[in-house]
Amino acid sequence: MPALAYLLYMHNKYTTMESKIIFALDVYDYNTAVDLARTVGEKVFAIKINWPVILENGIKIVRDLSKYANIICDFKLADIDNTVSMITTKVKEYGGYGIISHSFTGLNSLKAVVKSAGNMKVFSVVSMSQESYLDNITEELIKISMEAGVYGLVAPGNRPYYLKKVKELSEGLKIISPGVGAQGGDIVNAMLLGSDYVIIGRSIYNSPDPLETLEGFSSSINNKLNK
8 MPALAYLLYM HNKYTTMESK IIFALDVYDY NTAVDLARTV GEKVFAIKIN
58 WPVILENGIK IVRDLSKYAN IICDFKLADI DNTVSMITTK VKEYGGYGII
108 SHSFTGLNSL KAVVKSAGNM KVFSVVSMSQ ESYLDNITEE LIKISMEAGV
158 YGLVAPGNRP YYLKKVKELS EGLKIISPGV GAQGGDIVNA MLLGSDYVII
208 GRSIYNSPDP LETLEGFSSS INNKLNK
């Protein structure tokens, strides 16, 4: 298959999926990461990776994992304009689908991420899955995120009050939610309160059968939300 045709095929394959699950691949080992991505990649909307797998394997693993799914880099960027631009540019270079940034660093920093991202999706953290100072400024962070032009917001699936609040103020921005599964959040409740995609990690990759566990979560969504 010609290179351009292959890229179009991969793009369409991963952006037209109906799954509402983002798989959080928080492991160190390269082979484990690739095996899990290969196993569940076609069954999820995206795979989210964090610093553990990057610190162990380097940024090139983004490209390797992108063979199996959209890759969202959960780097929670929080730095000056130039630094966040450099990081975002490198993620884009290696084929990232999206990147997660903090928004408390202010409008200029977040705008720098959005500008450097180009066609990549930028998600900004406005509330966390555990208590934090962000709880005091969530509304302001949503406003900053909107002005910066992000694609979506990160809001907790295990803290209903804050998820509902973010949904009410989001004006149509996509909402992705951690805190489901190991952190106590219920996948269906999270989606009913406003999550577009729920992020699940340990409940899947620590399972004896990750694919079966993933399909169980997917069935819960389909059975309870599509009635």
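For what it's worth, my numbering labels the leading residue of the sequence shown as 8, then goes sequentially. Glycine residues also receive a C-beta, built at the ideal position from the N, C-alpha and C atoms.
Pick out whichever of E154, V60, S202 has its Cα sitting closest to the Cα of K172.
S202
Would a C-beta distance cut-off of 8 angstroms place S136 and N165 closer than the cut-off?
yes
Check whether the Cβ atoms of I29 and V51 sit closer than 8 angstroms, and answer yes or no.
yes
Let me check understanding here. Comparing Cα to Cα, which of A189, G179, V120, V132 lies closest to D33?
A189
Hey, quick one: how far does the beta strand (DSSP E) through L141 stretch, first residue to last?
Unbroken run through L141: none, as it is neither H nor E.
Return the chain-ordered list of same chain residues with a C-beta closer than 6 angstroms to the C-beta of K118, the five sequence neighbours on each side being excluded.
A155
So, do the region 86–94 and the region 35–55 have three or more beta carbon pairs nearer to each other than 8 angstroms?
no
Alpha-carbon spacing of T220 relative to I206, whole angstroms
14 angstroms
Buried or exposed: which applies to K74, given that a residue is buried once 16 or more other Cβ atoms fall within 10 Å of its Cβ?
exposed
Residues in its own chain within less than 8 angstroms of A53 by CB, not counting five upstream and five downstream?
Y21, I29, F30, A76, N77, I78, I79, Y104, G105, Y204
Mapping DSSP to helix, strand and coil, what is A76?
coil
Alpha carbon to alpha carbon, how far is I94 from W58?
13 angstroms
Own chain partners of A197 with C-beta closer than 6 angstroms, once the 5 adjacent residues on each side are dropped:
G164, S184, V187, V205
With a CB to CB cut of under 6 angstroms and the five nearest residues on each side skipped, what residues in its chain are close to K27?
Y204, I228
Check the DSSP bridge columns for K55 and list the partner residues they point to.
A31, I79
Excluding the five sequence neighbours on either side, which residues of its own chain have a C-beta within less than 7 angstroms of the C-beta of F224, listed in chain order?
I28, I194, I207
Local conformation of S214 per DSSP, three classes
coil
Go to K181, then tell me how far its beta strand (DSSP E) extends in each direction, as first and last residue.
181–184
Within 8 angstroms, strictly: CB atoms of V98 and S108
no
Would you mind sorting A12 into buried or exposed? The rule is 16 or more other CB atoms within 10 Å of its CB.
Only weak support exists for where A12 lies, its pLDDT of 37 falling under 50; the value from the coordinates is given anyway. Per the 10 Å Cβ criterion, exposed.
Rounded C-beta distance between T96 and S123? I'm assuming under 8 angstroms.
5 angstroms
For the beta strand (DSSP E) containing I66, name the first residue and the last one.
First-last for I66: undefined, no H or E at that position.
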